[in-house]
Amino acid sequence: MAVFKTTIPYLLGILLAVLGAVIAPLLFPGPASESFSVITDQSELDAHLKSFEESLGNDFDGYRNHCLRVLTYAVHFLKEGSGFDASEVSTALPLLGAAVAYHDIGLWADGELYYIEVSAERAKEALQDKFSAQQIATIHTIIMEHHKITPWHGEDEDLVNAVRKADWLDATLGFVRHGMPTGNIAMTRRALEEAGFHETLMGMFGRLKPSSYNLPHPKGFIEFFGIFRL
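So for the sequence shown, the working numbering puts the first residue at 10; every next one is plus one.
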């Protein structure tokens, strides 16, 4: 009993310290990076999202802003983490805009819990006349790997990992930052409001196809828990 009396406060202290270290920077963000800028509009992304206005319905603004936040963070990771210059970023933006537009779209367009695969297939079908075969392969990989926890290795890994880290950052509301300055996050979220995006995600389970939950075909649950795969 004495051990519990001393251990529990100790563990609680560690937990509070960890939570404080994670939450405090978000509540009291530092300055934004001098070179950081928020992408509040991207023609390629908007062109792709336009075809899903009906599917997204009232969630359109929330999903669009999520996509723009991911795109903003991804560009920062490319510049600061991968050393991309302005020309390289400009070249990559159309591809990134397309990939980000489609990365979660299967949730709305198909009502599937296992939405990554259907999102990637939608992108492949819709974009095959707009990008080269190699670019389509990269877009496919970006979508398929955007839930991966650890770095992905392969061709165009800088692009794949930039979006992967950016999506984790926004999906976790900045708790997983991958080194992103908190000032950058605060600046981005001021420019691109939440518009109910995370609330929508939490309520999405009741809006999906019943077949997503049917056993013995647990593909949906396998995909859902696949978010935690290494």
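Beta carbons: idealized from backbone N, C-alpha and C, even for Gly.
Computed from a prediction, not measured in an experiment: that's the story for all the values here.
About 4 Å separates the Cβ atoms of Ser64 and Ala118, confirming a contact at the 8 Å cut-off.
Nearest C-alpha to Gly39 among Pro190, Asp70, Ala83: Pro190. DSSP places Gly163 outside both helix and strand once states are collapsed to three, so it counts as coil. Here Ile114 is near Phe61, since their CB atoms are less than 8 Å apart. Residue state for Pro38 is assigned as coil, using DSSP reduced to three classes. Contact between the stretch 80-91 and the stretch 156-163 is absent: fewer than three C-beta pairs spanning the two stretches fall below 8 Å.
Close CB contacts of Lys133 within its chain, under the 8 Å cut and outside five residues either way in sequence, are with Ile145, Ile148, His149 (chain order). Excluding residues up to 5 positions away in sequence, Ala171, Lys174 lie with their Cβ nearer than 6 Å to the Cβ of Phe86 in the same chain.
DSSP places Tyr123 outside both helix and strand once states are collapsed to three, so it counts as coil.
Met196 counts as buried, since at least 16 other C-beta atoms from the protein chains shown sit within 10 angstroms of its C-beta. When Gly205, Glu164, Arg131 are compared, the shortest CA-CA separation from Val109 is found for Arg131.
A Cβ-Cβ distance of about 24 Å is found for the pair Gly212 and Ile194, leaving them out of contact under the 8 Å criterion.
Taking Gly205 as the centre and dropping the five residues before and after it, the same chain places the C-beta of Gly71 closer than 7 Å to its C-beta, in chain order. In the structure shown, Gly212 falls within a coil segment according to DSSP collapsed to helix, strand and coil. Per DSSP, the unbroken alpha helix (DSSP H) holding Arg73 starts and ends at 69-91. Asp176 is a Cβ neighbour of His155, given a cutoff of 8 Å. The Cβ atoms of Leu122 and Leu217 sit closer than 8 Å to each other. Look at Glu203 here: in three-state DSSP terms it is coil, with no helix or strand label.
Short of 7 Å from the beta carbon of Ser128, and not among the five residues preceding or following it, lie these beta carbons of its own chain, in chain order: Tyr111, His112, Asp113, Ile114, Gly115, Ile152.
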